Amino acid sequence: MGRHGGPRPGVRFLVLSLALPALLWTTSCGGTGGAGPGAGGAPGHSARGSAAASASPASDTQLCARIVAYWSRKVLDSGTYGDYQSMGLSNAQYEILRGVVDAARAAERRQGAAAADELIDRRARSACAERYRHGAPSGGPWQ
9 MGRHGGPRPG
19 VRFLVLSLAL
29 PALLWTTSCG
39 GTGGAGPGAG
49 GAPGHSARGS
59 AAASASPASD
69 TQLCARIVAY
79 WSRKVLDSGT
89 YGDYQSMGLS
99 NAQYEILRGV
109 VDAARAAERR
119 QGAAAADELI
129 DRRARSACAE
139 RYRHGAPSGG
149 PWQ
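If you read the sequence shown in this note's numbering, its first letter stands for residue 9, the second for the next number, and so on.
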């Protein structure tokens with residue numbers, strides 16, 4: 009708690025930085041008649057049926073892939089990395105992000121932005137699947 013009984017300012021920022029990508033993901037994929045990826049959205053993204061909007065929570069692998077892909081695109085667009093904690097990433101997720109961004113930069117130079125975008129999704133999914141193949145890591149919350 010802060011001095012005046014409220015949450016510390018850094019906690020408020022962390023909560024917002026984690027909630028915003030989740031909110032953006034939910035609103036872009038959840039509607040049946042909206043302008044999400046299945047309704048003429050960004051190229052390279054597959055359409056999602058109504059079955060994909062189930063009530064079951066996302067797995068650790070899916071969450072990792074989503075947040076790593078989100079921040080990879082932000083880093084690729086801005087050209088600079090932020091602090092992994094301000095992005096809401098663990099140390100291991102940040103390492104995955106760095107590898108994904110490095111590969112995406114090379115693909116963007118060779119093949120263009122669309123190829124880099126597809127590579128980001130593919131690499132984030134595969135690296136996160138490898139990271140969480142035996143369940144959640146047990147080395148602490150930063151792992």
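Backbone N, C-alpha and C define an ideal beta-carbon position, used for all residues, glycine too.
Note that the structure is predicted; figures quoted are calculated from it, not measured.
**The alpha helix (DSSP H) enclosing S134, as first and last residue numbers** = Locating residue 134 in the sequence shown gives position 126, counting from the first residue. Looking at the DSSP string, the run of the alpha helix (DSSP H) that includes S134 is A121 to R139.
**Item:** Spatial distance of Y78 from H142 (CA atoms)
**Value:** The residue labelled residue 78 in the question sits at position 70 within the sequence shown. The residue labelled residue 142 in the question sits at position 134 within the sequence shown. Their Cα atoms are separated by approximately 24 Å.
**Asked** In terms of DSSP beta bridges, what is G143 paired with?
**Response** For the purposes of this step, residue 143 is taken as the residue at position 135 of the sequence shown. According to DSSP, which records beta bridges pairwise, G143 is partnered with R141.
**Message:** Quick test of the definition: if touching needs 3 or more C-beta pairs under 8 Å, does the stretch 111-129 touch the stretch 90-98?
**Reply:** no
**Neighbourhood of C136 by C-beta distance below 7 Å, restricted to the same chain and skipping five residues each side** = Here residue 136 is taken as the residue at index 128 of the sequence shown, counted from 1. Around C136: T69, C72, A73, V76 and I104.
**Message:** With distance defined between alpha-carbon atoms, name the residue in R131, S64 and R139 nearest to A112.
**Reply:** By 1-based counting over the sequence shown, the position of residue 112 is 104. Measuring from the Cα of A112, the nearest candidate turns out to be R131.
**Asked** How many angstroms separate the CA atom of V83 from the CA atom of Y89?
**Response** For the purposes of this step, residue 83 is taken as residue 75 along the sequence shown, with counting starting at 1. For the purposes of this step, residue 89 is taken as residue 81 along the sequence shown, with counting starting at 1. C-alpha separation (whole angstroms): 6 Å.
**Whole-angstrom distance between N99 and Y140, CA atom to CA atom** = Here residue 140 refers to the residue found at position 132 of the sequence shown. Here residue 99 refers to the residue found at position 91 of the sequence shown. Taking the straight line from one Cα to the other gives about 14 Å.
**Item:** E138 versus A66, Q101 and D110, residue with shortest Cα-Cα distance
**Value:** In the sequence shown, residue 138 corresponds to position 130, counting from 1. Of the listed residues, the one whose Cα sits closest to E138 is Q101.
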